[in-house]
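Below: one structure, written as structure tokens.
Numbering (UniProt numbering), first residue to last: 1 to 324.
So this is what it looks like as structure tokens:
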């Protein structure tokens with residue numbers, strides 16, 4: 001039987017030479033997060049005979065709330081991690097999951113969340129053993145390899161987009177400190193009342209702008225930022241991590257449509273196979289945002305998001321609400 005050792009690393013200088021191939025579990029993202037105020041990254045690393053065979057990056061967000069608990073932490077992992085080509089993922093994943101769960105529990109992390117799992121049932125038994133609760137969550141992606149993005153739009157949508165372009169709406173990548181600051185302000189205002197979403201410090205977006213795997217884009221009208229998004233290009237696909245728009249202020253300019261359309265166009269130009277919306281909103285029956293992005297020809301897929309709360313009473317309640 002193969003013997004694996006697992007270590008949790010919180011500092012860059014302590015880590016061994018890591019695997020490459022998944023930005024969401026990469027050394028590059030760890031470095032960006034480590035330099036961002038309000039965020040603590042942890043990398044769970046599995047080794048065999050001093051060789052890295054698996055790694056899992058978990059992001060610990062330090063958050064504030066108007067309601068109890070007023071100060072708390074929320075950990076989020078995007079996917080199941082990265083594994084060496086010849087590694088036994090089925091044996092290594094449970095070890096990484098258990099180690100990082102115990103580590104975060106000792107730090108009194110209020111809740112842990114796993115999303116973007118490659119398969120719906122991946123790790124089901126291991127998550128259950130550790131007290132995680134599966135919640136069915138609809139994810140959306142647009143295929144870009146079989147049809148051009150505009151071929152999935154209605155004639156009305158195409159006409160509206162062309163009309164907005166003629167009115168002077170344009171876009172550009174936010175690379176300057178000023179553009180990133182304006183984009184960050186847009187995100188903070190947009191997510192102010194969306195307590196489930198966390199907007200990192202401006203430093204995070206500044207660091208991302210220097211990465212070849214990421215783009216911050218702003219949508220402008222008369223040099224006013226009316227929309228924007230952050231897209232990650234990873235493993236041949238594009239992932240829309242953040243997006244925001246001033247839909248009510250500039251309702252006549254349709255900044256929501258122009259923002260999502262630009263993200264699709266950019267992803268297609270970058271030769272991405274798919275554009276994945278990393279958050280299509282809460283799993284509610286009537287979700288206006290989900291219906292809006294489905295209007296661009298996306299495909300809905302139901303997967304599990306896994307949650308584990310520090311207070312046992314919340315876990316028990318969730319188990320009762322979402323029992324199989």
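Backbone N, C-alpha and C define an ideal beta-carbon position, used for all residues, glycine too.
Which stretch, first to last residue, makes up the alpha helix (DSSP H) that contains residue 124? 124 to 129
With distance defined between alpha-carbon atoms, name the residue in 114, 303, 43 and 247 nearest to residue 18. Of the candidates 114, 303, 43 and 247, 43 places its Cα closest to the Cα of residue 18.
Identify the residues that DSSP records as bridge partners of residue 41: which are they? According to DSSP, residue 41 bridges with 59.
Taking residue 135 and residue 280 to be in contact with their CB atoms under 8 Å, please state how far apart those CB atoms are, rounded to whole angstroms. Their Cβ separation, rounded to whole angstroms, is 14 Å, which puts residue 135 and residue 280 out of contact at 8 Å.
Residue 31 (DSSP reduced to helix, strand or coil): In this structure, DSSP gives residue 31 a helical state, which the three-state scheme calls helix.
Among 316, 200 and 206, which residue has its Cα nearest to the Cα of residue 64? 200
Rounded C-alpha distance that separates residue 272 from residue 236: 5 Å
Can you give the beta carbon distance from residue 161 to residue 101, rounded, assuming they're within the 8 Å contact cut? Incorrect: roughly 45 Å between the Cβ atoms, too far for contact.
For residue 25, does the count of other Cβ atoms within 10 angstroms reach 16, so buried, or fall short, so exposed? Looking at its Cβ environment, which holds 16 or more other Cβ atoms inside 10 Å, residue 25 is buried.
Given a threshold of 16 other Cβ atoms within 10 Å of its Cβ, counted over all protein chains shown, does residue 227 qualify as buried or as exposed? Buried.
Using a Cβ distance threshold of 8 Å, determine whether the segment 305 to 314 contacts the segment 165 to 183, with at least three qualifying pairs required. no
So the beta strand (DSSP E) residue 24 belongs to, where does it begin and stop? Unbroken run through residue 24: none, as it is neither H nor E.
Element boundaries [alpha helix (DSSP H), containing residue 189]: 177 to 190
Let me know the secondary structure DSSP gives residue 319 once reduced to three states. helix
Could you have a look at residue 142 and say whether DSSP puts it in helix, strand or coil? DSSP places residue 142 in strand when its eight states are reduced to three.
For residue 29, which residues from the same chain have a beta carbon less than 7 Å from its beta carbon, with the 5 sequence-adjacent residues on both sides left out? Listed in chain order, the non-local C-beta contacts of residue 29 below 7 Å within the same chain comprise 23 and 57, local neighbours out to five positions each way being set aside.
Would you mind listing the beta strand (DSSP E) stretches within the UniProt domain "BioF2-like acetyltransferase" (168 to 281) that are 3+ residues and don't spill past its ends, in chain order? Listed in chain order, the beta strand (DSSP E) elements of length 3 or more contained wholly in the UniProt domain "BioF2-like acetyltransferase" (168 to 281) are 170 to 173, 214 to 221, 224 to 234, 237 to 245 and 274 to 277.
Which same chain residues, not among the five before or five after residue 105, have their C-beta less than 8 Å away from its C-beta? Only 310 meet the Cβ criterion.
Expressed to the nearest angstrom, what Euclidean distance is found between the alpha-carbon atoms of residue 120 and residue 111? 21 Å
To which residues of the same chain is residue 8 closer than 7 Å at the C-beta, ignoring the five residues directly before and after it? 42, 44, 99, 100 and 103
Compute the beta-carbon to beta-carbon distance between residue 264 and residue 149, rounded to the nearest angstrom, for a pair I have assumed lies under 8 Å. 4 Å
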